[in-house]
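First residue of the sequence shown: 1, per our numbering; consecutive thereafter. Note that beta-carbon positions come from the ideal geometry of N, C-alpha and C, so glycine has one too.
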Amino acid sequence: MLWLDLAFWVSLLSSTLRLSTPLTFAALGGFFSERSGVVNIALEGLMLIGAFAAAWGNLYFQSSVAGVLCGILAAMLVASLHAVACVKFKADQIVSGMAINIFAFGLAPMLSKALFGTRGSSPQILSEIHMQTWNIPLLEKIPFFGDVLSHHIPLVYLAIVFVFMTHLWSKKSALGLHHRAVGDHPEAADSLGIKVNRFRIVSVLCSGVLCGLAGAFLSIGHGSGFARNMTSGRGYIALTAMIFGKWKPIPTFFACLLFGFTDALQIRMQGTPLPGLGEIPPQFVQLLPYVVTMVVLAGFIGSSQAPKALGIPYIKE
């Protein structure tokens with residue numbers, strides 16, 4: 001039976017780790033922005049821009065490292081538009097985020113036509129310049145878990161490291177305390193000499209950096225080039241994971257693993273007959289990650305305690 005096959009679970013959990021990586025990067029990006037008080041529903045658009053720029057950089061410079069850097073820079077540049085609009089000009093943060101998403105979905109196909117001569121895709125990235133997997137000798141020797149945790153690209157391990165670094169930074173450092181203060185009590189933070197708006201702008205830029213990493217993973221890590229709408233709603237799922245995790249890095253990471261698991265499961269369920277049900281049409285199976293997202297939103301969004309000043313522009317008196 002498939003569910004009792006050890007190789008099946010190794011493959012499923014390994015895929016879970018890979019598929020949760022872009023969600024983890026993007027959700028951490030949302031954490032940095034929203035914990036400082038700036039709503040950021042532009043994660044989807046920032047990921048898409050990062051994915052396109054990473055694919056272009058990889059092809060142009062013939063280097064996956066250059067591709068990742070291009071993805072980071074492009075996403076950070078677009079995130080700066082959101083930061084300036086929301087923090088400096090006090091624009092509606094939801095409207096600004098949606099504008100970024102619409103802008104990204106229009107810009108990526110236009111640039112692909114101009115740079116690649118295609119409508120919404122890039123040439124395939126060859127294996128010679130594709131991001132390579134890492135084999136960690138000591139990790140490989142651990143029964144079961146070694147097979148799950150090894151043979152991933154560096155971005156998978158970087159995402160896990162970032163989760164715990166962000167947790168320690170937020171809880172143990174002075175800057176982390178300032179970060180939480182500007183999102184909860186900006187007036188009190190300002191009275192202590194913290195530059196609230198400057199801190200918020202930097203936080204949104206950090207969000208762009210992390211979304212750039214998420215996009216780079218999709219196009220040159222997990223995939224072999226850019227494809228139109230390749231984010232497939234992952235930015236919104238990452239936002240849901242962050243809310244489910246109550247704006248805390250480690251719970252958010254586990255929420256990303258949950259969504260990654262449902263995504264990996266739906267891939268393996270396609271074409272697999274279930275006892276008493278037979279083979280489920282693939283269109284219904286593909287809905288699984290999005291159904292889980294809606295259930296989580298319906299069940300937990302009301303009970304999650306958002307930063308107290310989230311979405312409220314700070315005007316210094």
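Collapsed DSSP secondary structure at residue i in the structure displayed
{"i": "residue 279", "result": "strand"}
{"i": "residue 227", "result": "strand"}
{"i": "residue 386", "result": "For residue 386 there is no data in the structure shown, the boundaries of the chain being 1 and 317."}
{"i": "residue 14", "result": "helix"}
{"i": "residue 121", "result": "strand"}
Extent of the continuous alpha helix (DSSP H) run through residue i
{"i": "residue 101", "result": "93 to 116"}
{"i": "residue 82", "result": "64 to 83"}
{"i": "residue 60", "result": "43 to 61"}
{"i": "residue 179", "result": "174 to 184"}
{"i": "residue 307", "result": "Note, residue 307: premise wrong, no alpha helix (DSSP H); not H, not E."}
{"i": "residue 147", "result": "145 to 149"}
{"i": "residue 140", "result": "137 to 140"}
Residue nearest to residue i in terms of C-alpha spacing, selected from the options
{"i": "residue 282", "options": "179, 268, 236", "result": "268"}
{"i": "residue 297", "options": "195, 238, 31", "result": "238"}
{"i": "residue 216", "options": "36, 48, 136", "result": "48"}
{"i": "residue 147", "options": "155, 135, 285", "result": "135"}
{"i": "residue 11", "options": "149, 289, 227", "result": "149"}
{"i": "residue 116", "options": "255, 280, 228, 206", "result": "228"}
{"i": "residue 219", "options": "59, 16, 266", "result": "59"}
{"i": "residue 214", "options": "9, 39, 46, 13", "result": "46"}
{"i": "residue 167", "options": "84, 248, 110", "result": "248"}
{"i": "residue 123", "options": "106, 265, 226", "result": "226"}
{"i": "residue 153", "options": "68, 142, 109", "result": "68"}
{"i": "residue 266", "options": "251, 285, 250", "result": "285"}
{"i": "residue 208", "options": "66, 163, 100", "result": "100"}
{"i": "residue 292", "options": "257, 251, 184", "result": "257"}
{"i": "residue 205", "options": "83, 111, 106", "result": "83"}
Euclidean distance between Cα positions of residue i and residue j
{"i": "residue 33", "j": "residue 5", "result": "42 Å"}
{"i": "residue 79", "j": "residue 317", "result": "27 Å"}
{"i": "residue 210", "j": "residue 191", "result": "30 Å"}
{"i": "residue 314", "j": "residue 307", "result": "14 Å"}
{"i": "residue 245", "j": "residue 42", "result": "19 Å"}
{"i": "residue 97", "j": "residue 35", "result": "16 Å"}
{"i": "residue 138", "j": "residue 145", "result": "11 Å"}
{"i": "residue 179", "j": "residue 169", "result": "10 Å"}
{"i": "residue 161", "j": "residue 132", "result": "19 Å"}
{"i": "residue 50", "j": "residue 187", "result": "34 Å"}
{"i": "residue 312", "j": "residue 171", "result": "23 Å"}
{"i": "residue 158", "j": "residue 174", "result": "23 Å"}
{"i": "residue 28", "j": "residue 235", "result": "11 Å"}
{"i": "residue 126", "j": "residue 224", "result": "7 Å"}
{"i": "residue 288", "j": "residue 18", "result": "17 Å"}
Practice problem: Enumerate, from N- to C-terminal direction, the unbroken alpha helix (DSSP H) stretches of 4 or more residues contained entirely within the segment 194 to 262. | Solution: Within the segment 194 to 262, the complete alpha helix (DSSP H) runs of at least 4 residues are 196 to 216, 234 to 244.
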